[in-house]
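This report concerns only the one structure given below.
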Amino acid sequence: MPSNLYKRGAVWWARIQAGGAEHRRSLRTSDRKEAQRRLDQLKKEITAAVHFGESRLTWKAAVVRYLTEVGPDAVKPGTLKRYTVSLGQVGPHLEALYVDQITRKTISTLVSARSKGGASNATINRDLTAVSAVLGAAVEWGACEANPARDYNRRLTRERRESIHPPSSADVEAVITRCPGLFASMIRFLAQTGCRQEEAAGLTWGQVNLKAGTVTFLKTKTSRPRTIRLEPETVAMLTALPHFLGSDAVFWHGKGSRYLNVSSRFREMVRSAQKSAQRVGTPFRPFRCHDLRHGFAIRALRDGWDIYALSKHLGHSSVKTTEIYLGYVPARAGTKTGTSITVSPGLHPQETAKSAS
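Residues 532 to 888 (this note's numbering) are what the sequence shown spells out, left to right.
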């Protein structure tokens, strides 16, 4: 019989040495197997209390502390919002645990469960990043010693790049005609500039120079402001937009409020366009709001834009990101002879060629 498991009458007791002290506790059972199970759990709890303090940190408490104390200063608001979604998704798999109980096997089981539940590798990787952020903070707080989410082999969740299907101009127009108010103008702006949806939704008149035909995005994914040149048709559209007194938002609704939840609003418009097309027998291929950006990039290369100019226009951190679009255009597109690789953001191919001369 193990020396740390003994009986007092019919009840099993535990005797555990930890931190230079002996801990004795009733296991409140007369069943030998149940006593062993409770002993093993008690060992973990006492060891954790000795190493990490009397109060262990639960996963749920760690998430709350991270989102309120750490996240707002550590990551961008958009990233924190994405973390919040991911942490909500993984909650059922981790909320019964203390952070020091989360092991490599725990993370592996989580990944398997998310995959079986239909989550893509891209989604699982975002989940792992969020979990790693919380566990990383927990390590700094002294609540656990390791961050198994950070050490998880991401090659096991390698993301497959999906084929790009840029929407046709007819499909884009079909959706725009169903968009209310200035939401329609914002979607047209996205299609004509290729900017990110948050860049358009948060656009203010202070960022627009109609005389110069430019727009400067201040809050970008790369945290680097950039200025793009607008096509004449886009300048004309912006010039005709109504302003709301007391609001600087370019695309507004109600009492001058900017649009929120752009993706979900857009999906509603796409579903409406799809139902209408089905009723009259018109071809229509559903697409995402982000596909407007893909469509712009592919059209720009087909029109002869220099790949480096396009990369700067789109705000990519590396031209390698932009190069994915070369697979959707003729071989020589985006590599015009005589174009310069040092260009200003948003230069059109003709202007790029001039800058090389």
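Think of the CB as a built atom: it goes at the ideal place given N, C-alpha and C, for glycine as much as any other residue. Values in this document were obtained by computation on a predicted structure and should not be read as measured data.
> Mapping DSSP to helix, strand and coil, what is asparagine 652?
Replying inline: Residue state, collapsed to three classes: helix.
> Considering only residues of the region 783-831, which uninterrupted alpha helix (DSSP H) runs meet the minimum length of 4 residues and lie entirely inside it, listed in chain order?
Replying inline: The region 783-831 contains these whole alpha helix (DSSP H) runs: 793-811.
> Going along the chain, which residues of its own chain have a beta-carbon closer than 7 Å to the beta-carbon of alanine 592, five neighbours each way excluded?
Replying inline: Hits under 7 Å: none found.
> Whose C-beta lies closer than 7 Å to the C-beta of alanine 541 among residues of the same chain, with five residues either side of it excluded?
Replying inline: Ser561.
> If you pair each beta-carbon of the region 843-850 with each one of the region 744-757, do three or more pairs fall below 8 Å?
Replying inline: Yes, the region 843-850 touches the region 744-757.
>> In this structure, how does DSSP classify threonine 634 when only helix, strand and coil are distinguished?
In response: Of the three classes helix, strand and coil, the one that applies to threonine 634 here is coil, per DSSP.
>> Report the start-end ranges of each beta strand (DSSP E) in the region 711-771 that is 3 residues or longer and not cut off at the edges.
In response: Taking 3 residues as the minimum length, the beta strand (DSSP E) runs contained wholly in the region 711-771 are 745-748, 757-760, in order along the chain.
> Is there a Cβ from chain D that is less than 8 Å from the Cβ of alanine 780?
Replying inline: Absent here is chain D; the protein component of the structure consists of one chain.
> What's the C-alpha gap between leucine 625 and leucine 641?
Replying inline: The straight-line gap from Cα to Cα measures roughly 8 Å.
> Got a sec? Which residues, its chain only, sit under 8 Å from lysine 575 by beta carbon, not counting five neighbours each side?
Replying inline: Setting aside the 5 residues that flank it on each side, lysine 575 is surrounded in the same chain by Gln632, each with a C-beta closer than 8 Å to its C-beta; the list follows chain order.
> Hey, arginine 657 and alanine 732 are a contact pair by Cβ (cut 8 Å); roughly how many whole angstroms apart?
Replying inline: Actually they are not in contact, since the Cβ atoms of arginine 657 and alanine 732 sit about 21 Å apart, beyond 8 Å.
> Helix, strand or coil: which one does DSSP assign to isoleucine 547?
Replying inline: Strand at isoleucine 547.
> Among Asn740, Val616, Ile718, Phe714, which has the Cα closest to the Cα of leucine 659?
Replying inline: For leucine 659, the nearest C-alpha among the options comes from Val616.
> Where do the N-terminal and C-terminal ends of the alpha helix (DSSP H) with arginine 587 fall, by residue?
Replying inline: Where arginine 587 is concerned, there is no enclosing alpha helix (DSSP H), given that its DSSP letter is neither H nor E.
> So what does DSSP say about serine 557, is it helix, strand or coil?
Replying inline: Serine 557 falls in the strand class under three-state DSSP.
> Going by the CB atoms, is the gap between cysteine 820 and leucine 666 shorter than 8 Å?
Replying inline: In this structure, leucine 666 sits away from cysteine 820, with a CB-CB distance that is not shorter than 8 Å.
> Candidates Gln723, Lys786, Gly785: which alpha carbon is nearest arginine 830's?
Replying inline: Among Gln723, Lys786, Gly785, the Cα nearest to that of arginine 830 belongs to Gln723.
>> Give me the DSSP bridge partner(s) of leucine 536.
In response: According to DSSP, which records beta bridges pairwise, leucine 536 is partnered with Ala545.
>> Using 8 Å as the cut-off, can you tell me whether the region 702-711 makes contact with the region 760-777, which would need three or more C-beta pairs spanning the two stretches below that distance?
In response: Between the region 702-711 and the region 760-777, the count of C-beta pairs closer than 8 Å stays below three; the two stretches do not touch.
>> Relative to the C-alpha of alanine 674, which candidate in Ala743, Pro608, Leu628, Leu749 has its C-alpha closest?
In response: Ranking the options by Cα distance to alanine 674, first place goes to Leu628.
>> Checking 8 Å against the spacing of the C-beta atoms, do valine 793 and glutamine 738 come in under that value?
In response: No, Cβ-Cβ distance for valine 793 and glutamine 738 is not below 8 Å.
> How would you write the range of the alpha helix (DSSP H) that aspartate 604 sits in, first residue to last?
Replying inline: Segment 602-605, the alpha helix (DSSP H) holding aspartate 604.
>> So, for arginine 645: in the same chain, excluding its five sequence neighbours on each side, which residues have a beta-carbon less than 7 Å away from its beta-carbon?
In response: Result list for arginine 645: Ile655, Asp658, in chain order.
> Where does glycine 619 land, buried or exposed, given buried means 16+ other C-beta within 10 angstroms?
Replying inline: Exposed.
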